[in-house]
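Peer 1: If you scroll down you'll find the structure; I have some questions about it.
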Amino acid sequence: MQVRLNGELRDVPDDSTVAGLLLHLGVKAQRVAVEVNESVVTKDRYEAHRIGPGDSIEIVAFVGGG
Amino acid sequence: MADGWSIGEHRFTSRLLVGTGKYPDFPTMQRALVASGAEVVTVAVRRLDLSKTGPASLLEWIPKGMKLLPNTAACFTADEAIRTARLGRELEMGDLVKLEVIGDRRTLFPDVEGLVEASKVLVKEGFTVLPYTNDDPVTAKKLEDAGCAAVMPLGAPIGSGLGIRNPYNLRIIMETVKIPVLVDAGVGTASDAAVAMELGAVAVLMNTAIAEAKDPVLMAEAMKAAIEAGRKAYLAGRIPMKLHAAASSPMSGLIGS
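Chains as they are written, first to last, in this note's numbering: chain D, 1 to 66; chain W, 1001 to 1257.
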């Protein structure tokens, strides 16, 4: 299925959970925060939260800033 | 330490808060952070670069025990800032946020209307909100009324190094609000930091002045000393300014008189 991931259209496995998506992307869950359709998905919901076609997903981390 | 300060539930000794952007490399940043003696460091929230593998390395270079203060830098609407603050909280698992809602790309001056709006929402959600704001006492009061834990007026535009451009407004802000006033942005060199502290600022937040100095580690040391000197001078109470001289040596008992 196609989703918008960090602003870009991308194909990801159907029926992915947030946890599954992070695994698919090779991203360590401890170091990121995830937002789906403008709502934060907390870490305790990564296994339960299913991603649907067309969802807008943001995966963020801390970078240097003032 | 007797001369500590606090924001919300958080208690600090150092009155210097530093950023983590613009350093030539992470090892230099780490040495500068240590040299600054800061207990709070700001960080930004950005999209993870999915083309790169491996963990984001910034956090590994921030000395253990330093409190992270996520910011909402480069957010131009209240909504963007609110979403970024929520993501920052999820990353940090803390309640502190340096709230920025920017109104103009060239000056990076705050959009104070959006700032007050975002503050109200985030305070309701349990955030300890530290808003980066203009040197405007009326806005500072609105932010206090919105429930912000502190207010952080600018000394000059972000990264400009112009120093403390409106000390009188900063003083009026300090008179106007009861919450801590931190001077955020504009510091160029150590004397600017000292001036902010002499005015009565609770603390100073800076990034570029240290990160882009020729020797960031030495500048971090200078800033630490300046913050301490300015604070002591503020507590000691400066003498009033006089137009004419007031002799330091006795004017009587001179030879040949």
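Backbone N, C-alpha and C fix where the C-beta goes; we use that ideal spot for every residue, glycine too.
Check the C-beta distance from residue 1097/W over to residue 1127/W and give it rounded, since I have them as a contact under 8 Å.
Peer 2: With a Cβ gap of about 5 Å, residue 1097/W and residue 1127/W count as contacting.
Peer 1: Using CA atoms only, rank isn't needed, just tell me which of 1228/W, 1222/W and 1198/W is closest to residue 1237/W.
Peer 2: Among 1228/W, 1222/W and 1198/W, the Cα nearest to that of residue 1237/W belongs to 1198/W.
Peer 1: Using a C-beta cutoff of 8 Å, does residue 1071/W count as contacting chain D?
Peer 2: Residue 1071/W counts as touching chain D.
Peer 1: Taking the straight line between their C-alpha atoms, what separation do you get for residue 1173/W and residue 1232/W?
Peer 2: Going by the C-alpha atoms only, they are around 21 Å apart.
Peer 1: Considering only the alpha carbon of each residue, which of 1103/W, 1201/W and 1042/W lies closest to residue 1153/W?
Peer 2: The shortest C-alpha separation from residue 1153/W is found at 1201/W.
Peer 1: Residue 1112/W and residue 1084/W: beta carbons closer than 8 Å?
Peer 2: Not a contact, by the Cβ cut-off of 8 Å.
Peer 1: First and last residue of the beta strand (DSSP E) that includes residue 1128/W?
Peer 2: Segment 1128-1133, the beta strand (DSSP E) holding residue 1128/W.
Peer 1: When you compare only the Cα positions, how much space is there between residue 1001/W and residue 1012/W?
Peer 2: Only weak support is given to the placement of residue 1001/W: the predicted model assigns it a pLDDT of 49, under 50, and the question is left unresolved by the model.
Peer 1: Indicate whether at least one CB of chain D lies closer than 8 Å to the CB of residue 1047/W.
Peer 2: At least one chain D Cβ lies under 8 Å of residue 1047/W.
Peer 1: Applying a beta-carbon distance threshold of less than 8 Å, which residues of chain W neighbour residue 64/D?
Peer 2: In chain order: 1019, 1020, 1021, 1022, 1023, 1029, 1043, 1044 and 1058.
Peer 1: Count the other C-beta atoms from every protein chain shown that fall within 10 angstroms of the C-beta of residue 1132/W, then say buried if there are 16 or more, exposed otherwise.
Peer 2: It counts as buried.
Peer 1: Using only alpha-carbon positions, find the residue among 1144/W, 1107/W, 1089/W and 1219/W that is nearest to residue 1031/W.
Peer 2: The candidate whose alpha carbon is nearest that of residue 1031/W is 1219/W.
Peer 1: In the DSSP assignment, the beta strand (DSSP E) including residue 1042/W goes from what residue to what residue?
Peer 2: Per DSSP, residue 1042/W belongs to the beta strand (DSSP E) from 1040-1047.
Peer 1: Quick check on residue 1057/W: buried or exposed, where buried means 16 or more other Cβ atoms within 10 Å of its Cβ?
Peer 2: It counts as exposed.
Peer 1: Measuring CB to CB, does residue 1045/W end up less than 8 Å from residue 1063/W?
Peer 2: No. Outside cutoff.
Peer 1: Kindly list, in the order they appear in chain D, the residues whose Cβ is closer than 9 Å to that of residue 1208/W.
Peer 2: Those within 9 Å of residue 1208/W in chain D are 66.
Peer 1: Tell me which residues of the segment 42-64 of chain D have at least one Cβ-Cβ distance to chain W shorter than 9 Å, keeping chain order.
Peer 2: The segment 42-64 of chain D vs chain W, Cβ under 9 Å: 42, 43, 58, 59, 60, 61, 62, 63 and 64.
Peer 1: How long is the line joining the alpha carbons of residue 1122/W and residue 43/D, rounded to whole angstroms?
Peer 2: About 20 Å.
Peer 1: Which word fits residue 1260/W, buried or exposed, when buried means at least 16 other C-beta atoms lie within 10 angstroms of its C-beta?
Peer 2: Lying outside 1001 to 1257, the shown extent of chain W, residue 1260/W is not represented and no answer is given.
Peer 1: Whose C-beta lies closer than 7 Å to the C-beta of residue 1208/W among residues of the same chain, with five residues either side of it excluded?
Peer 2: 1022, 1159 and 1161.
Peer 1: Counting only runs that start and end within the segment 1128-1167 of chain W, where is the alpha helix (DSSP H) found for 4 or more residues in a row?
Peer 2: List check, alpha helix (DSSP H) in window: 1137-1145.
Peer 1: Can you tell me which residues form a DSSP beta bridge with residue 56/D?
Peer 2: Residue 56/D pairs with 4/D.
Peer 1: Please name the residues in the segment 13-43 of chain D whose beta-carbon is closer than 7 Å to at least one beta-carbon of chain W, in chain order.
Peer 2: Those would be 25, 26, 27, 28, 31, 32, 33, 35, 38, 40 and 42, in chain order.
Peer 1: Return yes when the Cβ of residue 64/D is within less than 8 Å of the Cβ of residue 1040/W, no when it is not.
Peer 2: Not in contact: residue 1040/W and residue 64/D (Cβ atoms no closer than 8 Å).
Peer 1: DSSP has residue 1123/W in a bridge; who is on the other side?
Peer 2: According to DSSP, which records beta bridges pairwise, residue 1123/W is partnered with nothing at all.
Peer 1: Kindly give me the distance between the Cβ atoms of residue 1008/W and residue 1146/W, rounded to whole angstroms, as I take these residues to be in contact under 8 Å.
Peer 2: That pair is no contact at about 14 Å.
Peer 1: If I follow the unbroken beta strand (DSSP E) through residue 1011/W, where does it start and stop?
Peer 2: Residues 1010-1012.
Peer 1: If distances are taken between C-alpha atoms only, which option among 1177/W, 1018/W, 1185/W and 1187/W comes closest to residue 1036/W?
Peer 2: Of the candidates 1177/W, 1018/W, 1185/W and 1187/W, the one whose C-alpha sits nearest the C-alpha of residue 1036/W is 1018/W.
Peer 1: With 9 Å as the C-beta to C-beta threshold (strictly closer), list the residues of the segment 1148-1175 of chain W near chain D in chain order.
Peer 2: Residues passing the 9 Å Cβ filter: 1158 and 1159.
Peer 1: Do residue 1048/W and residue 6/D have their CB atoms nearer than 8 Å?
Peer 2: Yes, they are a contact pair.
Peer 1: The ligand ATP heavy atoms versus the CB of residue 1254/W: any closer than 7 Å?
Peer 2: What this structure holds is no ligand at all, so the ligand ATP is not there to describe.
Peer 1: Which residues in the same chain have their Cβ closer than 7 Å to the Cβ of residue 1108/W, if we skip the five residues on either side of it in sequence?
Peer 2: So the list reads 1102, 1157 and 1158, once near-sequence residues are dropped.
Peer 1: Taking its Cβ as the centre, do 16 or more other Cβ atoms sit within 10 Å of residue 1252/W, making it buried, or is it exposed?
Peer 2: Answer is exposed; the Cβ neighbour count stays below 16.
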